[in-house]
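Colleague: The structure follows.
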Amino acid sequence: MRRGLPPYAHPALPAGSGVDSPFGPEVRDHVAMTEVSSLTGRLLVATPALADPNFDRAVVLLLDHDEEGSLGVILNRPTPVGVADILAPWAELAGEPGVVFQGGPVSLDSALGVAVVPGGGPSGEGAPSPGSGTRTGGADGGTAGAPVTDTADGAGPGDEPLGWRRVHGAIGLVDLEAPPELLAAVLGSLRIFAGYAGWGPGQLEDELVEGAWYVVESEPGDVSSPDPEQLWRAVLRRQRNELAMVATYPDDPSLN
Numbered sequence: 000m001r002r003g004l005p006p007y008a009h010p011a012l013p014a015g016s017g018v019d020s021p022f023g024p025e026v027r028d029h030v031a032m033t034e035v036s037s038l039t040g041r042l043l044v045a046t047p048a049l050a051d052p053n054f055d056r057a058v059v060l061l062l063d064h065d066e067e068g069s070l071g072v073i074l075n076r077p078t079p080v081g082v083a084d085i086l087a088p089w090a091e092l093a094g095e096p097g098v099v100f101q102g103g104p105v106s107l108d109s110a111l112g113v114a115v116v117p118g119g120g121p122s123g124e125g126a127p128s129p130g131s132g133t134r135t136g137g138a139d140g141g142t143a144g145a146p147v148t149d150t151a152d153g154a155g156p157g158d159e160p161l162g163w164r165r166v167h168g169a170i171g172l173v174d175l176e177a178p179p180e181l182l183a184a185v186l187g188s189l190r191i192f193a194g195y196a197g198w199g200p201g202q203l204e205d206e207l208v209e210g211a212w213y214v215v216e217s218e219p220g221d222v223s224s225p226d227p228e229q230l231w232r233a234v235l236r237r238q239r240n241e242l243a244m245v246a247t248y249p250d251d252p253s254l255n
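Following numbering that gives the first Met the number 0, the numbering of the sequence shown begins with 0 at its first residue and continues without gaps.
As structure tokens, then:
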């Protein structure tokens, strides 16, 4: 059982967008993200032992992790499809290399926007305190994923920019149905993802026990790495423990 689409997921990419979906035109029902748990906002870094080709050398940003399951996007799978080809209004805000990234094997006909807002953490920096919740519309019958307006000066709940919902620190989800000009002045970087990676209740925990993933802290720059193909090694290399040595692991161990 895979997790459903999160709030702020664009309902569908245009037919013939060049991103092939093994699941056809299905769009899962929205599942509201609940209280932030310990792994939300962290990175899952695939270990060399992970055999699933969908996640070979993958770096996954967890957008939600709780008792109902887990959901994230793979940060280092660029596709040849340009953002301008499928979501033209957002193309100018998308960081280099300006292409759509394959966020995972689930619902490749949907799009997610993940963006960094400089100073987006509480008091202008850092991450929210553990257990702090976030809000979207839809809980009381409104539009699922629509931003909740708490003020009249262009800020949403917790002084978040309208059209952007914090996931962790300065990293958040973008409402791709909103006018891009709402965020043009505040976005530091934006990535568009087709599809996502989802785990049902307990599935990710089982994979962690099996040694499939390293769990490390994310940094805002991970979302917009200019060299995504090297992100796996870069994230491991910056660790101040034995994980830094894993960055030297050869792509093909048989050649070592």
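All C-beta atoms in this analysis are idealised placements derived from N, C-alpha and C, irrespective of residue type, glycine included. In this text the structure is predicted, and so the values were computed from the model without any measurement.
Nearest-angstrom Cα distance between Pro24 and Ala193?
Modeller: The residue labelled residue 24 in the question sits at position 25 within the sequence shown. The residue labelled residue 193 in the question sits at position 194 within the sequence shown. Here Pro24 scores only 30 on pLDDT, less than 50, and its place in the model is too uncertain to base an answer on.
Colleague: Which residue wins for smallest C-alpha separation from Val82, given the options Arg76, Pro225, Asn75 and Gly97?
Modeller: Locating residue 82 in the sequence shown gives position 83, counting from the first residue. Cα-wise, what sits closest to Val82 is Gly97.
Colleague: Would you call Asp51 buried or exposed, if buried means 16 or more other Cβ atoms sit within 10 Å of its Cβ?
Modeller: Stepping through the sequence shown from its first residue, residue 51 is reached at position 52. Per the 10 Å Cβ criterion, exposed.
Colleague: Can you tell me the Cα-Cα spacing of Val245 and Gly112, whole angstroms?
Modeller: On the sequence shown, position 246 is the one that residue 245 refers to. On the sequence shown, position 113 is the one that residue 112 refers to. Distance between the alpha carbons of Val245 and Gly112 is about 30 Å.
Colleague: Quick check: the segment 82-96 against the segment 175-183, are there 3 or more CB pairs under 8 Å?
Modeller: yes
Colleague: Do Val234 and Arg41 have their C-beta atoms closer together than 8 Å?
Modeller: In the sequence shown, the residue the question calls residue 234 occupies position 235. In the sequence shown, the residue the question calls residue 41 occupies position 42. No, the Cβ-Cβ distance between Val234 and Arg41 is not below 8 Å.
Colleague: Of all the CB atoms in chain B, is at least one closer than 8 Å to the CB of Glu209?
Modeller: Checking the listed chains, one finds no chain B in this structure; it contains a single protein chain.
Colleague: Output the distance between the C-alpha atoms of Arg76 and Leu107, rounded to the nearest integer angstrom.
Modeller: By one-based count along the sequence shown, residue 76 stands at place 77. By one-based count along the sequence shown, residue 107 stands at place 108. One Cα belongs to Arg76, the other to Leu107, and the distance between them is close to 13 Å.
Colleague: Would you check if the distance between the CB atom of Ile73 and the CB atom of Ala57 is smaller than 8 Å?
Modeller: As a working note, residue 73 is residue 74 in the sequence shown. As a working note, residue 57 is residue 58 in the sequence shown. In this structure, Ala57 lies closer than 8 Å to Ile73 by Cβ.
Colleague: For the alpha helix (DSSP H) containing Gly220, list its first residue and its last residue.
Modeller: The sequence position of residue 220 within the sequence shown is 221, counting from 1. Pro219 to Val222 is the span of the alpha helix (DSSP H), which, as asked, contains Gly220.
Colleague: Tell me which same chain residues have a C-beta within less than 7 Å of the C-beta of Glu124, skipping the five on either side of it?
Modeller: Taking the sequence shown and counting its residues from 1, one reaches residue 124 at position 125. Residue placement at Glu124 is flagged as unreliable, the pLDDT there being 44, under the threshold of 50; a coordinate-derived value is accordingly withheld.
Colleague: Following a CB-centred definition, is Ala45 positioned closer than 7 Å to any heavy atom of the ligand COA?
Modeller: Summarising the ligand content, the structure contains no ligands, and the ligand COA is consequently not present.
Colleague: Return the CA-CA distance between Gly197 and Pro104, expressed in angstroms with no decimal places.
Modeller: Within the sequence shown, the letter at position 198 stands for residue 197. Within the sequence shown, the letter at position 105 stands for residue 104. Going by the C-alpha atoms only, they are around 8 Å apart.
Colleague: So, Gly39 versus Trp212, is the Cβ gap smaller than 8 Å?
Modeller: The count along the sequence shown starts at 1 and reaches residue 39 at position 40. The count along the sequence shown starts at 1 and reaches residue 212 at position 213. Note that residue 39 is Thr in the sequence shown, not Gly. In this structure, Trp212 does not lie closer than 8 Å to Thr39 by Cβ.
Colleague: Throw me the rounded Cβ distance for the Gly187 and Val115 pair, which I believe falls under 8 Å.
Modeller: As a first step, residue 187 must be located in the sequence shown, where it is residue number 188. As a first step, residue 115 must be located in the sequence shown, where it is residue number 116. Contact flag correct, Cβ pair sits at about 4 Å.
Colleague: Return the CA-CA distance between Glu204 and Ser69, expressed in angstroms with no decimal places.
Modeller: To locate residue 204, count along the sequence shown from 1; it is residue 205. To locate residue 69, count along the sequence shown from 1; it is residue 70. Approximately 9 Å between the Cα atoms of the pair.
Colleague: Give the straight-line distance between the Cα atoms of Pro156 and Ala184, rounded to the nearest whole angstrom.
Modeller: If you number the sequence shown from 1, residue 156 lands on position 157. If you number the sequence shown from 1, residue 184 lands on position 185. Any answer about Pro156 is weak, because its pLDDT of 48 lies below 50 and its placement is not dependable; what the coordinates show is given next. Using only the alpha carbons, I get a separation of about 18 Å.
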